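Beneath this line is the structure, given in structure tokens, with notes to follow.
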Ligand code: ATP
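Numbering (my numbering), first residue to last: 8 to 291.
Given below as structure tokens:
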């Protein structure tokens, strides 16, 4: 169904003692979407995600995940979502293949365990005991366990921490493929380039509230922010910030009678915009 919401959250609240960890979060996510939750340490992202996963009770507010209240949903609902948990030591004696096969048995319509192992790039470690895996390989196994049930909705809490750059790129491709196949993905990350590469939309959580949301290319008015134009002038590198970079580049083209040496035109990165946003709010 087009525009079907897989997550609907309204005025969600959760306190630990007197501290409001989630303080009125509103959030929606459509089927097939990749949504990244961004926010500083302690902002309330994990608490929000745990409520949506069904692992934590909310104090108040409305939460619907795959059409059900996660606090009261049953085993059928649990089989429809995949969670990439932080590594546990319980399975350390099993091999990679044994572990993925074992977890696949919990689901009514699992993916082929061998295919899942290939997809996360652990084929060479199929027969290796889990205790012998490196940190990044272990994290890939966590991802395999999160997707072996063929979930409709995948929760990824800081999934690529400890990955080398190549593994991170491979993981991004995997997440994009899952979304192409119809899965919805809710991701928390501190890597802004990860949000930029993957997310259709980002939501910034600060002090328990969603303070901004939108496509990564548009967050905080990014698309309309001044562009930085740099080039190699006759006296060395030159930089100008302008709202009309096209006009400047045209005039440079005329000045140089053609190709402008060392020309770059950049807008602020998602990280620039995010840090400015968070910094401004912290001062308020
Ligand atoms: P991070 O980016 O560091 O993972 P986060 O945005 O996921 O942070 P949460 O883990 O949701 O933040 O924590 C929100 C606030 O709630 C923090 O101040 C944290 O100390 C507090 N908190 C989280 N879990 C508990 C708990 N079980 N008991 C008491 N306080 C908690």
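For glycine and all other residues, C-beta sits at the position ideal for the given N, C-alpha and C. On a predicted model such as this, the values are computed, not experimentally measured, just so you know.
Contact check for residue 215 against residue 56 fails: the beta carbons are separated by 9 angstroms or more.
In this structure, residue 136 has its beta carbon at no less than 8 angstroms from each heavy atom of the ligand ATP. Beta-bridge analysis with DSSP links residue 238 to 245. Distance from residue 73 to residue 63 at the Cβ level is roughly 17 angstroms; contact not present, criterion being Cβ atoms closer than 8 angstroms.
Between the C-alpha atoms of residue 205 and residue 226 there is a straight-line separation of about 15 angstroms. Between the ligand ATP and the CB of residue 55, the shortest heavy atom gap is smaller than 8 angstroms.
Between the ligand ATP and residue 165, a heavy atom-to-CB distance of less than 8 angstroms is present. Within the model, the alpha-carbon separation for residue 233 versus residue 273 is close to 9 angstroms. Distances between the C-beta of residue 283 and the heavy atoms of the ligand ATP are all 8 angstroms or more. The three-state reading of DSSP puts residue 185 in helix, counting H, G and I together.
In terms of Cα proximity to residue 114, the closest of 150, 81, 143 and 86 is 86. Here residue 106 is buried. Its C-beta has 16 or more other C-beta atoms within 10 Å. Distance between residue 195 and residue 240, taken at the CA atoms: about 43 angstroms.
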